[in-house]
Amino acid sequence: MAVFTDENGNARSEPMSDENGAPVLCRSALAARDSMIEQLCALPPIATALDAIIERFGVDQVAEVTGRTRRLIVGRDGCQVLQSRSPRANVAETRDFMDGTKRILVFSDAGGTGRSYHADLAAKNQMRRVHFLLEPGWRADAAIQGLGRTNRTNQASAPLFRPVTTDVRGERRFISTIARRLDSLGALTRGQRQTGGQNLFDPADNLESTYAKEALHRWFGLLFAGKLEAVTLSRFEELSGLRVEGPDGGMVDDLPTIQRWLNRILALPIALQNGIFDEFLGLVEARIDAARQAGTLDIGVETIAVEHYEVLTDTLLRTDALSGATTHLLELEIARALKPLRLERLEELYGFSGSRQQLLRNARSGRIGLLVPARSLLTDEGTRVARFELVRPLKHGHITADQLEESNWEAVDPTEFRRLWQVEVDDAASNHKRERLHLATGLLLPVWDKLPSDYVRVSRISARDGRSLLGREVPLHCVPELCQALGLEDEHAFSAEQIVDAVLGTGRPMQIKSREALTLKRSLVNGAQRLELAGWSASRLDWYKAHGCFTEIIRYQTRLFVPTTSAVAVLAGLVG
1 MAVFTDENGN ARSEPMSDEN GAPVLCRSAL AARDSMIEQL CALPPIATAL
51 DAIIERFGVD QVAEVTGRTR RLIVGRDGCQ VLQSRSPRAN VAETRDFMDG
101 TKRILVFSDA GGTGRSYHAD LAAKNQMRRV HFLLEPGWRA DAAIQGLGRT
151 NRTNQASAPL FRPVTTDVRG ERRFISTIAR RLDSLGALTR GQRQTGGQNL
201 FDPADNLEST YAKEALHRWF GLLFAGKLEA VTLSRFEELS GLRVEGPDGG
251 MVDDLPTIQR WLNRILALPI ALQNGIFDEF LGLVEARIDA ARQAGTLDIG
301 VETIAVEHYE VLTDTLLRTD ALSGATTHLL ELEIARALKP LRLERLEELY
351 GFSGSRQQLL RNARSGRIGL LVPARSLLTD EGTRVARFEL VRPLKHGHIT
401 ADQLEESNWE AVDPTEFRRL WQVEVDDAAS NHKRERLHLA TGLLLPVWDK
451 LPSDYVRVSR ISARDGRSLL GREVPLHCVP ELCQALGLED EHAFSAEQIV
501 DAVLGTGRPM QIKSREALTL KRSLVNGAQR LELAGWSASR LDWYKAHGCF
551 TEIIRYQTRL FVPTTSAVAV LAGLVG
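Taking UniProt numbering, the leading residue of the sequence shown gets 1, the next gets one more, and so forth.
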């Protein structure tokens, strides 16, 4: 390239030519290109995913339904043979899979048109399908169409979907594109948002969401401040070609978009892009976890499968004057069959022999758990927050290193761990979990602004007998506010047990109907959670103490508490 100066005094470059007009080529670049081609041609061939699956399991076990007319297979003598395939081969392969003759099916866009591969009740092969989504590409509609081939009506069981990527973090760019377009599809089908993503992807998989865009803006800020460990500002600008620092030494106003940033990340060395993605995803997951804890994470329609449910109360909230459609607040008692994680599956997923896993037992509750390292979160100040995944028989979640130190989890030997895990599994398998919840259902749009804005969860309660309810969950502590906003102050009265469970579980204060305007709230005193009463009268202090309450002077102020061990009985006496 020849460097010249334009009319504005800026240095620019253009292709260099000799006196005959022929381009001047860089000899070192040509030598590097020839050397790279020589090295690539010397590498052993890498089989495609389709050929690798057929080579691993054999043509007797794999049904191939694609558009290929020829393929290389390994013959009985161990040598590769070029096999020709007629257009009717796909029909025969499909029949072999649906009859159970071949246990594995591989189909492409060309081979999936007009065919069904679900566990049809009319087919011999009714085993549950495990659908691996490999090389999804950019088209969300094509991916959903392919997933729909194994999930249809009249099936013995629904399939398990497994999107597949390698450990190259940049590949999440493709999964992100599908997740984003599925979210857009869900927005268009707002009447049933589960039609979009079907909760197939985690919210963190969508790298083009609002959370991801906010995280990227903060990532640029940390990069500019030099608080990232994976890459420096100068190296990132050199390798990616993106400008973050302006001529005046400050950060530019028009930062690169997330789509452009993701595309440039794909061109970086694998180790570097993995480090960048880990820090970026730490920022994304920190925001998603905060939204999930606050109850503002909108995940669309969540299906809650229950054994049965019972409507305890049905409160009419509103009747539309024009259409006559009604809005109801239902109090439900649901019974869910517990599905514990069995010990064999736990060992298959995580294993017990590695040094990274910790076998723990809670000294207070006696519960058991397996601690597995997880991706660290990244605060807006660039501080890493060490985090672990705590796997338990009935649930799993995340816990930070600081929370782990302050908790009652302690190490336990493998033999005792297996015994206690199996005890919890056996106990859960023989019981049903019963819980109560409030569901606003019916015509919700006119009262949508009256529902709690900090708790957005649309749920479908689906019972085994085929009954279902669709609505928006209303936390117990928000029910009095909702009724009051709609002029139904006296429609709901909660038991003392419900009030205690709601306050201890959510930390939100609740009013108690008594002679005085009492409020029960959760307070942290000396490192322990207590139930505290607010709004009490000093003239009736002896009366409260006679009903089981106790006082404590904190910072020269008398505060009134309810014993947590007998809170239900004490509250029942106060209300009565």
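Ideal Cβ placement from N, Cα and C applies to all residues, glycine included.
This structure is a prediction, so every number in the text was calculated from the model and none was measured.
Where do the N-terminal and C-terminal ends of the beta strand (DSSP E) with residue i fall, by residue?
{"i": "Gly-466", "result": "No beta strand (DSSP E) holds Gly-466; DSSP gives it neither H nor E."}
{"i": "Asp-320", "result": "Here Asp-320 belongs to no beta strand (DSSP E), and DSSP marks it neither H nor E."}
{"i": "Met-16", "result": "Counting along the chain, Met-16 falls outside any beta strand (DSSP E), and DSSP gives it neither H nor E."}
{"i": "Ile-554", "result": "550 to 554"}
{"i": "Ile-368", "result": "368 to 373"}
{"i": "Gly-397", "result": "396 to 400"}
{"i": "Ser-376", "result": "Segment: none, Ser-376 is in no beta strand (DSSP E) and carries neither H nor E."}
{"i": "Lys-433", "result": "432 to 442"}
{"i": "Gln-61", "result": "No beta strand (DSSP E) contains Gln-61, which DSSP labels as neither H nor E."}
{"i": "Ser-222", "result": "The residue you asked about is not Ser; residue 222 is Leu in the sequence shown. Run containing Leu-222: none in the beta strand (DSSP E); it sits in the alpha helix (DSSP H), 210 to 225."}
{"i": "Arg-264", "result": "No beta strand (DSSP E) contains Arg-264, which is instead part of the alpha helix (DSSP H) from 258 to 265."}
{"i": "Arg-387", "result": "387 to 391"}
Beta-carbon within less than 8 angstroms of residue i's beta-carbon, same chain only, minus the 5 sequence neighbours each way: which residues are those?
{"i": "Gly-191", "result": "Residue placement at Gly-191 is poorly supported in this model, since its pLDDT is 37, which falls under 50; the coordinates still yield a value, given next. Correct list: empty, nothing qualifies."}
{"i": "Arg-233", "result": "Here residue 233 turns out to be Leu, not Arg, going by the sequence shown. Counting only Cβ-Cβ distances below 8 angstroms, and skipping sequence neighbours, we find Leu-223, Phe-224, Gly-226, Val-244 and Glu-245."}
{"i": "Leu-332", "result": "Tyr-309, Glu-310, Val-311, Leu-312, Arg-436, Leu-437, His-438, Leu-439, Ile-461 and Leu-469"}
{"i": "residue 579", "result": "Not covered by the structure: residue 579. The range shown for the chain is 1 to 576."}
{"i": "Thr-5", "result": "Ala-11 and Arg-12"}
Along the chain, where does the alpha helix (DSSP H) containing residue i start, and where does it finish?
{"i": "Gln-422", "result": "414 to 429"}
{"i": "Glu-55", "result": "49 to 57"}
{"i": "Val-570", "result": "567 to 575"}
{"i": "Asn-20", "result": "No alpha helix (DSSP H) holds Asn-20; DSSP gives it neither H nor E."}
{"i": "Ala-230", "result": "Unbroken run through Ala-230: none, as it is neither H nor E."}
{"i": "Glu-481", "result": "479 to 485"}
Take residue i and list the residues in its own chain whose beta-carbon comes closer than 7 angstroms to its own, dropping the five residues that flank it on each side.
{"i": "Ala-572", "result": "Ala-496"}
{"i": "Lys-521", "result": "Val-503, Pro-509, Glu-532 and Ala-534"}
{"i": "Ala-374", "result": "Arg-387, Phe-388, Glu-389 and His-398"}
{"i": "Pro-15", "result": "Met-1 and Pro-23"}
{"i": "Glu-491", "result": "For Glu-491, the predicted model reports a pLDDT of 49, less than 50, meaning its position is unreliable and no value from the coordinates is stated."}
{"i": "Ser-157", "result": "Ala-119 and Arg-128"}
Going along the chain, which residues of its own chain have a beta-carbon closer than 6 angstroms to the beta-carbon of residue i, five neighbours each way excluded?
{"i": "Cys-549", "result": "Leu-560 and Val-562"}
{"i": "Pro-159", "result": "Arg-129, His-131, Thr-150 and Asn-151"}
{"i": "Arg-162", "result": "Phe-132"}
{"i": "Pro-475", "result": "Tyr-455"}
{"i": "Glu-381", "result": "none"}
{"i": "Glu-481", "result": "none"}
{"i": "Lys-433", "result": "Arg-336 and Leu-338"}
Would you mind working out which of the options sits nearest residue i, comparing C-alpha positions?
{"i": "Ile-304", "options": "Arg-467, Leu-272, Ser-430 and Thr-383", "result": "Arg-467"}
{"i": "Ser-566", "options": "Thr-319, Pro-159, Gly-487 and Leu-531", "result": "Leu-531"}
{"i": "Leu-445", "options": "Leu-378, Thr-326 and Arg-342", "result": "Thr-326"}
{"i": "Ala-110", "options": "Gly-67, Arg-419 and Cys-79", "result": "Gly-67"}
{"i": "Gln-422", "options": "Arg-367, Phe-236, Lys-545 and Met-251", "result": "Arg-367"}
{"i": "Leu-359", "options": "Gly-282, Glu-64, Phe-417 and Asn-8", "result": "Phe-417"}
{"i": "Ser-537", "options": "Leu-518, Val-458, Pro-45 and Ser-323", "result": "Leu-518"}
{"i": "Ile-554", "options": "Val-425, Tyr-544, Ser-523 and Val-568", "result": "Ser-523"}
{"i": "His-396", "options": "Cys-79, Met-98, Leu-341 and Trp-219", "result": "Leu-341"}
{"i": "Gln-61", "options": "Glu-55, Leu-317, Lys-102 and Met-251", "result": "Lys-102"}
{"i": "Leu-281", "options": "Lys-513, Glu-516 and Arg-384", "result": "Arg-384"}
{"i": "Arg-361", "options": "Arg-419, Leu-255 and Ala-321", "result": "Arg-419"}
{"i": "Gly-351", "options": "Leu-268, Val-391, Ala-363 and Ala-29", "result": "Val-391"}
{"i": "Arg-95", "options": "Leu-283, Arg-70, Ala-122 and Thr-69", "result": "Ala-122"}
{"i": "Ser-459", "options": "Arg-472, Asp-465, Trp-448 and Val-447", "result": "Arg-472"}
{"i": "Gln-357", "options": "Glu-238, Glu-405 and Val-412", "result": "Val-412"}
{"i": "Asp-284", "options": "Ile-276, Leu-268, Arg-264 and Leu-216", "result": "In the sequence as displayed, the identity of residue 284 is Val instead of Asp. Nearest C-alpha to Val-284: Leu-216."}
Let me confirm a value: residue i is counted as buried when at least 16 other C-beta atoms fall within 10 Å, else exposed. Which label applies?
{"i": "Gln-273", "result": "buried"}
{"i": "Val-311", "result": "exposed"}
{"i": "Asp-402", "result": "exposed"}
{"i": "Val-525", "result": "exposed"}
{"i": "Cys-41", "result": "exposed"}
{"i": "Pro-23", "result": "exposed"}
{"i": "Gly-170", "result": "buried"}
{"i": "Pro-414", "result": "exposed"}
{"i": "Asn-206", "result": "buried"}
{"i": "Met-127", "result": "exposed"}
{"i": "Thr-177", "result": "buried"}
{"i": "Val-306", "result": "buried"}
{"i": "Tyr-556", "result": "exposed"}
{"i": "Cys-79", "result": "exposed"}
Quick check: does the Cβ of residue i come within less than 7 angstroms of any heavy atom belonging to the ligand MG?
{"i": "Glu-229", "result": "Absent from the structure shown: the ligand MG. Ligands present: none."}
For this session: Go through the segment 123 to 169 residue by residue and report every complete run of the alpha helix (DSSP H) that reaches 4 residues or more, in order.
Result: Segments of the alpha helix (DSSP H) lying fully in the segment 123 to 169: 140 to 147.
Exercise. What alpha helix (DSSP H) runs, 4 residues minimum, are completely inside the segment 490 to 534?
Worked result: 496 to 506, all fully within the segment 490 to 534.
Exercise. What beta strand (DSSP E) runs, 3 residues minimum, are completely inside the segment 327 to 363?
Worked result: With a minimum length of 3 residues, the continuous beta strand (DSSP E) runs that stay inside the segment 327 to 363 are 358 to 362.
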